Amino acid sequence: MDPRPRKKRLSMACNSCRLRKVKCDADYPRCRNCRGRDEVCATSDPRRPGEPVVREWIVTEKINKSDTNRPTVYASPTPSLQQQLFQQTQGSEIRTEHSVAVGVQNDQISSAKNDQPGHTDIHESPVHQPFHVSSNTDPELNRTKIVGGSSSQCLAKSLDVYLKSVHRKPVSDLFKYGMRYAEEFDIPLEVSLPPLPDSSRLHGYLSTFFDRIHPLYPLFNVESFHVIVNQIVEMGSELKTIPRDQIPWLASVYLAVSIGADEQTRGVTSDGTLYLQAASSLIGHVTSVPYLPAVQAMLMFTIAYRGRNQEGLGWQYLGMAIRIAHTTGIHRRAAYSAPRTGDVQYIQKYTNEGRIWAICCILEKCMELESGRPTVISYSFTCDDVLPPHLHEQDDDQILRWQLGLAVYQNQISQHIYGHTLRKRRAREILLDTARLDKCLLDWVNGIPPQMRPGNDIFCPRGVFHFAALLSMMYHEAMITLHRAALIAPNASFEVEVEQEGPDDPSRFRILGGESICINSARAIAKLSIELSDQRTDTRLIPAGVPLLACIVLAIYLIKHPDSRMQSTDLQLLKTCLELCNEKWMDCGQDMRFIQGLSTVYERVSGYIDSQRATKAPHTPQNCTITGPYLPGDLPNYTEKPSTVPTRHSLLVSLSQQPYNTDNTPDTPNKRYHPDGGVLDTRTHQPYEDIPPDSATLPQYDHPNEVTHNQQANMPLDVDRYDWQQGSAQEDNQFPFDGYNVEDLWEWMLYFDSQSEVISNAHT
């Protein structure tokens, strides 16, 4: 006998349903009642005004007495739950795991407990709160990290909404397992001072560093750096006697060797890890000598950690570098105190300082745009302020000036997106600022020679191809961030609002084409990533987070436009780009559950596309299956197949399919159909060999393998904790985010990420 289904209740009704005393639901962005009345759906708790509230289905079940004394583990606690947990854990001993293996073992134990009948798990869907607390594999409060409103974060949450609208499970919850790797690094308790490699390896590593990395980030005088290297080589095993003031230089040499070793093989190496750990063990000594060499060492740490896809660590070291740089005054001397004539030695000094400060600005503004977190450089600047033209006329500085010019606009885009209090700007102001910044990016890109210009095919020499690819990816990343609201918005309503509130000049057409700008930028990033890999010129300068953003954009577009003629091309780009991301993160040692989350993105999207293709096919007999591909107008091949119990995939196909458009009206992005239920395709989707299927090791993503009840056969099995009796947005002819205007979309993307107070305080 089947067990009695567990009773579900709603955590909190929305304000409108609570006022009318009607039954609410957990549909997002708006509940079913608010969609029918075309009202704003807001949820607040009168007992806790000002705190975020989740409309979530809660499964209640009997709790065993033996479990009442156990501490409950929360996957993603709300601020109020955090406060309760903190009060409960005061005075208790906090455990700290020193290895990923221990954390994985604890997760497996926790998963086993979740399967016990008396266990109660409070789970918050990532769909219902866009920017909440994101925890890594360790649920202790001392491991909690706040996630900002970055493009990857907000678009991953938006992808969840689109997946849910087509009866697919959210995927962003699996990305939390990457937090620990990005933020932590094992450092020996004792200072490690290994001697430098033998002369041949040392020469190869340093040559690679100065040929492929240093032109982009010219931190050192090459001749002076080699002199310091020779001094360290002469010291041999006597490095413990090195003077204190030379320790920052020792750390920089270690880091140059580490970066060069990894760059030479285009992967993580034993030498790279050895010297990175050695440099990291010196961090306390480096910060104790807070002068310009310490700034250079901290920037080298940032470059090294970004090369290993540990942007969280790189962000911390970059912040320390800028703080120390502020105390040395190089941010002022570069702009106001640079000599126009005089001693060549002083001119060289100011030139080097200007380059160092320019690199601080470039990395800070790039990572601010990627993370959505508050910046240390909270004031505006221009390219000529940082690099005075009369001191930086050499060709070697040209790439640096291009990057700095882009950083100026990255700073303005970050201010435009993250630097305003929610609901303080109207739609017209948002659209006008977007158009202005879009024009600034176009002006910047037109100043770069055609052979290296972002947005074009790159035909530069092979030795600088990775520089041009990095510039192009940074440009496209900025474009996606600027136009990301258009990507998730319903096309028809967004176009109407742009026509009413948008600019009156030709830039209106760029705003109207924001979705096209995003998808074309994502295609360009994916294409460049593939070209770098095929030409074997990929570099550690480009973290895997950039192609991951492109994959998320491609996934949203494929779900949003399943009938696009570019569907097959985009799906193949998504697959290949995700494979490249998998390879990079596996090489670095990223958590396998995070990597599995990337594979899940492809499985979700390709499964939906397959179901749409099956739905658009000519009507198939109930007990027949399509066995071969066909083109429009061709007769498909049918093979008789005995009727069997439907598989999980066939159920998803039958419930997410849409009928063939029999009328002559063109399809529009906002046009949705009810399932006709006439055709049941029983073929099972075969995953691509390079993309593993969903793993059964994750309990929250465990799918049933068979249907055991007739009533369950009519229920989709691909979304947990969803009230299927209340229907979905797809069944109500509702497109995700229907009824959301520009201001609503802005609020959705920045719900917990308003930084206006931080920035205003920094100015005062």
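Residues in the sequence shown are numbered consecutively from 540, following this note's numbering.
All C-beta atoms in this analysis are idealised placements derived from N, C-alpha and C, irrespective of residue type, glycine included.
What you are looking at is a predicted structure, and each value in this text was computed from that prediction instead of being measured.
Check the Cα spacing between Lys-888 and each of Gly-1146, Phe-759, His-955: the tightest is with Phe-759.
With a cut-off of 8 Å on Cβ pairs, the segment 960 to 977 is not in contact with the segment 902 to 921, counting fewer than three such pairs. When the alpha-carbon of Met-837 is set against those of Pro-709, Leu-813, Val-792, the nearest one is in Val-792. In this structure the segment 1112 to 1123 does not touch the segment 1042 to 1060; the number of beta carbon pairs closer than 8 Å is below three. Judged by DSSP secondary structure, Met-837 falls within the alpha helix (DSSP H) whose first and last residues are 831 to 846. By the C-beta density criterion, Tyr-885 is exposed, having fewer than 16 other C-beta atoms within 10 angstroms. Boundaries of the alpha helix (DSSP H) harbouring Glu-722: 718 to 722, taken from the DSSP string. For Gln-1106, the secondary structure class from DSSP, reduced to helix, strand or coil, is helix. Contact annotation, Leu-1113 with Tyr-1147: C-beta distance approximately 12 Å; criterion of less than 8 Å not satisfied. Close CB contacts of Leu-713 within its chain, under the 7 Å cut and outside five residues either way in sequence, are with Arg-1132, Phe-1133, Gln-1135, Gly-1136, Thr-1139 (chain order). Here the alpha carbons of Gly-1002 and Val-592 stand approximately 53 Å from one another. Put simply, the backbone Cα of Lys-978 is about 16 Å away from that of Ser-1060. Going by C-alpha positions, Asp-1130 is about 10 Å away from Lys-715. The DSSP-derived three-state label of Gln-785 is helix. One alpha carbon belongs to Ala-795, the other to Cys-922, and they sit about 27 Å apart. Annotation: the continuous alpha helix (DSSP H) that includes Ser-1011 extends over 1004 to 1027.
In the three-state scheme derived from DSSP, where H, G and I count as helix and E and B as strand, Gly-868 is classed as coil. Given a length threshold of 4 residues, each whole run of the alpha helix (DSSP H) inside the segment 888 to 959 is given here in chain order: 922 to 925, 937 to 957.
The way I'd put it, the segment 1061 to 1076 doesn't touch the segment 827 to 847; fewer than three beta-carbon pairs between them come closer than 8 Å. Under the three-state reduction of DSSP, Ser-827 is assigned to coil, being neither helix nor strand. Per the Cβ contact rule, the segment 1011 to 1021 is not in contact with the segment 1030 to 1046 (fewer than 3 Cβ pairs under 8 Å). Comparing alpha-carbon positions, the option among Gln-942, Pro-1000, Arg-1152, Leu-1026 lying closest to Ser-1011 turns out to be Gln-942. Taking the CA atoms as reference points, Glu-968 sits about 14 Å from Glu-1038. CA-CA distance, Ala-833 to Gln-785, rounds to 10 Å. For Thr-582, the number of other beta carbons within 10 angstroms of its own is at least 16, and it is reported as buried. Ranked by Cα distance from Asp-725, the options Ile-822, His-706, Leu-755, Ser-776 are led by Ile-822. Here the alpha carbons of His-824 and Pro-782 stand approximately 11 Å from one another. Proximity of the segment 798 to 814 to the segment 758 to 776 falls short of the contact definition, fewer than three beta-carbon pairs being nearer than 8 Å. Look at the segment 699 to 774 and you find these whole runs of alpha helix (DSSP H), each 4 residues long or longer: 718 to 722, 738 to 747, 761 to 774.
Annotated three-state conformation of Asp-977 is helix, per DSSP.
Around Leu-1009, the same chain offers Leu-755, Thr-1078, Leu-1080, Ile-1081 as residues with beta carbons nearer than 8 Å, after the five sequence neighbours per side are excluded.
The DSSP-derived three-state label of Ile-798 is helix.
The segment 1086 to 1106 makes no contact with the segment 847 to 856: fewer than 3 CB pairs, one atom from each, lie closer than 8 Å. Listed in chain order, the non-local C-beta contacts of Ala-974 below 6 Å within the same chain comprise Pro-1042, Ser-1046, Ile-1050, local neighbours out to five positions each way being set aside. In this structure, Ile-952 places its C-beta atom within 8 Å of the C-beta atom of Leu-908. Assignment of Arg-559 by DSSP, reduced to helix, strand and coil, places it in the helix class.
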